[in-house]
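S.K.: Structure in structure tokens, see below.
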Amino acid sequence: MTDAAPVLGLLLDVDGPIASPVSRSVAIPSIARDLVELANGGVPIVFNTGRSDAFIRDEVVPQLLSAGLGDTARVWAICEKGAVVVRITPSGFGEIDVDEDLAVPPAYADAIRELVHDSYDDVVFFDETKRAMVSVEQRLDVSAEHFTSRRDAFDSDAARELEAQGLGYEWGMTIVTDAAGNVPFRIDPTIISTDIESVRLGKDLGASKFLALLEKDGAVLPSRWRTMGDSRTDYAMADWLHERGYDVIHVDVRPADGVPETPYPVRHHDSLIHDDAGALYLSAWVRMLRGELSDDDSV
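This is the structure in structure tokens:
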């Protein structure tokens, strides 16, 4: 007898739809409760994020465990945009798998740590929890406006250090090749950070790894998917699923950046953004799981 396919599958960015970009925590209690009801109800879930596994371990996992995550739940964290993979169970984290081929050279990480210490520690901190990427993040005591006013200067310095170490990179419209003509890295500024990372990383890589994990686990794959994020790069999850024939809808919780033309539906709330919007859509998906709602197009 073949198990029925789940009602849907979820690929979720963390900063924005799950964790508040202001407090950097899961601040809305219903989010963890709804995630656990979905997971315990057979919905496969991945936190497909640029965050480190330590952030997920400290800020997300305790709330899932407190809400009663079950033994049959299929929940993963794919962190650092595909470089780090770990399963989440009622016992917490499983074994952490790091793709070292996607890591930034240690010498570059050391140089950026020193750069932050010397010139930017009044506005950002160096994220020591990253295993493959190099990330600096806005300090909680610094305003978004002040961070934004200093970010371009930091990004320029980060680019100069890449060149000093002979590393090719892309940054916006700027492309610099290494001695072999390659462009292995990118500088990716966000609303609260700058990431320096392999160009092979991305939310589409996370999507592909998640479906491979589900198949390896013997799961029946859903035909219907929801992806959710707060930036244009998060659309890559839905792009990847759509290109492979899945029924996918993307939820954009920060549409002020502009909603692109896509071959699949994109939803966003008229007034709610970030985790307020994320909580609303999670509750709608719970109602879909319960059979109380046929679709979330009314949200």
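Sequential numbering from 34 applies to the sequence shown in this note's numbering. Even glycine gets a Cβ: it sits at the ideal position worked out from N, Cα and C.
Report back the beta-carbon spacing between T266 and G291 to the nearest angstrom; my notes put them in contact at under 8 Å.
M.R.: Locating residue 266 in the sequence shown gives position 233, counting from the first residue. Locating residue 291 in the sequence shown gives position 258, counting from the first residue. So it is not a contact: roughly 13 Å between Cβ atoms.
S.K.: Alpha carbon to alpha carbon, how far is H307 from R287? Give it in angstroms, no decimals.
M.R.: Translated into positions along the sequence shown, residue 287 becomes position 254. Translated into positions along the sequence shown, residue 307 becomes position 274. Cα-Cα distance, rounded: 6 Å.
S.K.: Starting from S63, follow the alpha helix (DSSP H) in both directions and report where the run begins and ends.
M.R.: Walking along the sequence shown from the start, residue 63 turns up at place 30. Here the alpha helix (DSSP H) through S63 covers P62 to N73.
S.K.: According to DSSP, simplified to helix, strand and coil, what is P222?
M.R.: The residue labelled residue 222 in the question sits at position 189 within the sequence shown. Reduced to three states, the DSSP call for P222 is strand.
S.K.: For A60 and F80, what's the separation of their Cα atoms in angstroms?
M.R.: Counting from one through the sequence shown, the residue named residue 60 turns up at place 27. Counting from one through the sequence shown, the residue named residue 80 turns up at place 47. Rounded to the nearest angstrom, the two C-alpha atoms are 16 Å apart.
S.K.: Quick one, which of D160, P222 and K163 has its alpha-carbon nearest R183's?
M.R.: As a first step, residue 183 must be located in the sequence shown, where it is residue number 150. Out of D160, P222 and K163, P222 has the C-alpha closest to the C-alpha of R183.
S.K.: Can you look up R265 in the DSSP assignment and give me helix, strand or coil?
M.R.: In the sequence shown, residue 265 corresponds to position 232, counting from 1. Looking at R265 - three-state DSSP - the assignment turns out to be helix.
S.K.: With H, G and I counted as helix, E and B as strand and the rest as coil, what does DSSP make of H302?
M.R.: By 1-based counting over the sequence shown, the position of residue 302 is 269. If DSSP states are grouped into helix, strand and coil, H302 belongs with coil.
S.K.: At 3 residues or longer, what runs of the beta strand (DSSP E) sit wholly inside the segment 69-127?
M.R.: List check, beta strand (DSSP E) in window: 78-81, 108-112 and 117-122.
S.K.: Assuming contact is defined by CB atoms lying nearer than 7 Å, are D123 and V76 in contact in what I supplied?
M.R.: Reading the sequence shown from its first residue, position 90 is the one you call residue 123. Reading the sequence shown from its first residue, position 43 is the one you call residue 76. Checking the sequence shown, residue 123 turns out to be Pro, not Asp. Contact: no.
S.K.: Quick check for students: name the residue ranges of the alpha helix (DSSP H) that lie wholly in the segment 235-260, counting only runs of 4 or more.
M.R.: Whole alpha helix (DSSP H) segments, 4+ residues: 236-249.
S.K.: Drop a sphere of 10 angstroms on the beta-carbon of S99, count the other beta-carbons inside from all chains shown, and report buried for 16 or more, exposed for fewer.
M.R.: Counting from one through the sequence shown, the residue named residue 99 turns up at place 66. By the neighbour-count rule (16 or more Cβ atoms within 10 Å), S99 is not buried but exposed.
S.K.: Does the Cβ of L173 have 16 or more other Cβ atoms within 10 Å, making it buried, or fewer, making it exposed?
M.R.: Counted from its first residue, the sequence shown places residue 173 at position 140. Counting Cβ neighbours within 10 Å, L173 comes out exposed, since fewer than 16 surround it.
S.K.: Please list, in chain order, all residues of the same chain as V319 whose beta carbon is under 7 Å from its beta carbon, the five residues on each side excluded.
M.R.: On the sequence shown, residue 319 is found 286 positions in, with the first residue counted as 1. Hits under 7 Å: D67, E70 and L71.
S.K.: Name, in chain order, the residues that DSSP records as bridge partners for T207.
M.R.: As a first step, residue 207 must be located in the sequence shown, where it is residue number 174. W204.
S.K.: Apart from the five residues on each side of it in sequence, which residues of its chain come closer than 7 Å, Cβ to Cβ, to A317?
M.R.: Locating residue 317 in the sequence shown gives position 284, where the first residue counts as 1. The answer, listed in chain order, is L326, D329 and V332.
S.K.: What does the Cβ neighbour count give for D91, buried or exposed, with the cut at 16 atoms within 10 Å?
M.R.: Here residue 91 is taken as the residue at index 58 of the sequence shown, counted from 1. Its Cβ having fewer than 16 others within 10 Å, D91 is exposed.
S.K.: Rounded C-beta distance between L44 and A245? I'm assuming under 8 Å.
M.R.: Within the sequence shown, residue 44 is the residue found at index 11, counting from 1. Within the sequence shown, residue 245 is the residue found at index 212, counting from 1. Contact flag wrong, Cβ pair sits at about 13 Å.
S.K.: Can I121 and V94 be called in contact, C-beta distance under 7 Å?
M.R.: Numbered from its first residue, the sequence shown carries residue 121 at position 88. Numbered from its first residue, the sequence shown carries residue 94 at position 61. It is a contact, given that the beta carbons lie within the stated cut-off.
S.K.: Buried or exposed: where does P255 fall if 16 or more other Cβ atoms within 10 Å of its Cβ makes it buried?
M.R.: Looking up residue 255 in the sequence shown gives position 222. The residue in question, P255, is buried, as its Cβ has 16 or more Cβ neighbours within 10 Å.
S.K.: Taking the DSSP output, what are the residues bridged to T227?
M.R.: Here residue 227 is taken as the residue at index 194 of the sequence shown, counted from 1. Per DSSP, V169 and P222.
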